[in-house]
Structure formats: structure tokens, C-alpha cells
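FYI, the numbering for the sequence shown is 1 to 249, going by full-length UniProt numbering. C-beta: ideal position from N, C-alpha, C; glycine also. See below for the structure under consideration.
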Amino acid sequence: MLVAEGLTKKFSGLVAVDEVSLAVAEGSLTGLIGPNGAGKTTVFAMLAGFLHPTGGRVLLDGADLTDEPPYRRARRGIARTFQITQPFAGLSVHENIAVGAYLRHARRADAMDRAAAVAERVGLSHELDKPAAALTVAGRKRLEVARALATEPRLLLLDEVLAGLNPSEVRDMIPVLRAIRDDGVTIFMIEHIMQAVMNLCETVYVIAQGRLVAAGTPQHVCAEPQVIEAYLGHGAAARIAAGGVHARG
């Protein structure tokens, strides 16, 4: 479905992303992990059209999207969320979700109906009349997903949608995301919470210092020496193998 070929992004002399290639299969729930500053959000920005790559291509179903702006990619069915939630504070939850629905529904009544249906899917139906600014952190995260989902995407790019949630809220959100995928929306997600990655993702890509260092099942990549070193530092894999480093519970 979605293919990135040799994606590279340079900012002045800094190489933020260095020839990253990956593929997201239709109907899958795929993860992108890595340490802070690894380049994950920059990859998402290039996939969604918010940044133009210095090199490489972005393909959707074989069509080259590399030079297309975000609104055209949205029309093709690509939607993304952002790490920092920024709802329209002066609008209700219902109206916030409807903003996304206007992409495919010009009439207000139709957009509001679509928004109500999406709110039900993400567990916000009881919050529709509340000002968006009054939502909890967990509520704002659900609203961020809802606004993207209201565009009726084929591919949903989720950028740390579980960040800032407590363990109970994470557990509550996991079945919501799984149900979205089961309803036919392909999901590609950046996530630091490994509990969620292990529970949700069939395939995981790992980047560190802008480069792809591992890919495979969550269980496979978590055992890769390159991944261990990316998170814990040089020589960590050898120390763990020798019994010198213990994982924290």
C-alpha cells in the first residue's frame, strides 16, 4: 500500500533522515519506533506531505506522491495526527471532529452526522457538546484520532497518540485502535510505549540517528543488538548477553 524508497531529509548540514525505506501493507497495523530525536516524526511529515524529502520517493498503491501537497494526499486517503494536540478551543468536541469530515462532506448536516459516528468509534459520544478545551489529556488524544478519522482515511498515521496517558488509559485506548484497523483502516504508528507496540503491531520498523536499523515482528526487533544499543547505548547488547545489564520491570 504505502512504500517509502530511500527517504532522506537534510536541514542545512544536518541529515535528519538517511535513506529510510519501508513498506506498510494494506490492512496492517505497523509500528515505527526509536529513541527521541531518531527522525520518526520527520519520516511521518514526509509521508504526509508536510515536508518535502531531500531524496527518495513516497508511493501509495504504486502512485508517486513525493511532490503532492498534504491536501492531495488527504484526498487520496492519508490522514495523520500530531504529537501535540491542538484542538480548536472555541469549538465543541462535535464541531472539532466535523472539521475533518468537511473534506468529504460539504453540507454541515452531513459533516456533523459523520462526526457523531466517529465520536462513537473513539469513545467520545458522551463528550460531543463539551468545549474541546475542557477535555482531559486522554480526551484530547481521542479527539486527535477522531479528527483524522473523520476524513475517512485509508491510511492513518498516528504520531505518539498514547503519549502522556497513564497505564489504564493506554489499556483503554488499545482496543479502540485495534477496532479502527479491523474496520478497514490501515494504521502506521509512532509509539514509545512498548506495551502498546507489542499488543498492536504485526510489523515494526526501528530507526536511530535517522537510519533504519531493524525491521520485523515486535518480538524480533526487541531482541536485535542494534535496537538494544540504540536505546541503551554502545556495548549494551554485549553487557546484556553477559548478564551485566538487567531490564527494568
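Environment of residue i [buried if 16+ CB atoms lie within 10 Å]
| i | result |
| --- | --- |
| H52 | exposed |
| V17 | buried |
| N166 | exposed |
| L14 | exposed |
| R108 | exposed |
| F188 | buried |
| P218 | buried |
| V137 | exposed |
| G49 | buried |
| I97 | buried |
| Y205 | buried |
| P69 | exposed |
| A89 | exposed |
| G34 | buried |
| G37 | exposed |
Residues near residue i by beta carbon distance below 6 Å, same chain, minus five either side
| i | result |
| --- | --- |
| L128 | V93, H94, A119 |
| V3 | A23, L59 |
| L149 | V118 |
| G164 | V137 |
| E144 | T81, T85 |
Per DSSP, the bridge partner or partners of residue i
| i | result |
| --- | --- |
| S92 | P131 |
| residue 311 | The requested residue 311 is not part of the displayed model; the chain covers only 1 to 249. |
| V3 | A23, L59 |
| I78 | L155 |
| I33 | V206 |
| V118 | DSSP lists no partner for V118. |
| D64 | L59 |
Cutoff 7 Å; reference residue i; Cβ partners in own chain excluding five residues on either side
| i | result |
| --- | --- |
| I193 | L162, V170 |
| E26 | M1, T186 |
| N199 | I174 |
| S28 | T186, E202, T203 |
| R142 | V122, G123, L124 |
| K130 | S92, V93 |
| G55 | G6, T8 |
| A196 | L162, V170, I174 |
Residues near residue i by beta carbon distance below 8 Å, same chain, minus five either side
| i | result |
| --- | --- |
| D64 | R57, V58 |
| G244 | Per-residue confidence for G244 stands at a pLDDT of 48, beneath the threshold of 50, marking its modelled position as unreliable; no derived number is given. |
| D67 | H52 |
| Y231 | P35 |
Hey, is the region 177-189 in contact with the region 95-107, meaning 3+ C-beta pairs nearer than 8 Å?
no
Unbroken alpha helix (DSSP H) runs of length 4 or more, entirely within the region 166-231: which are they?
167-182, 194-200, 218-222
Give a yes or no on contact between the region 109-116 and the region 72-87, applying the rule of three or more CB pairs nearer than 8 Å.
no
Pairs of beta-carbons, one from the region 143-158 and one from the region 204-215, closer than 8 Å: are there three or more?
no
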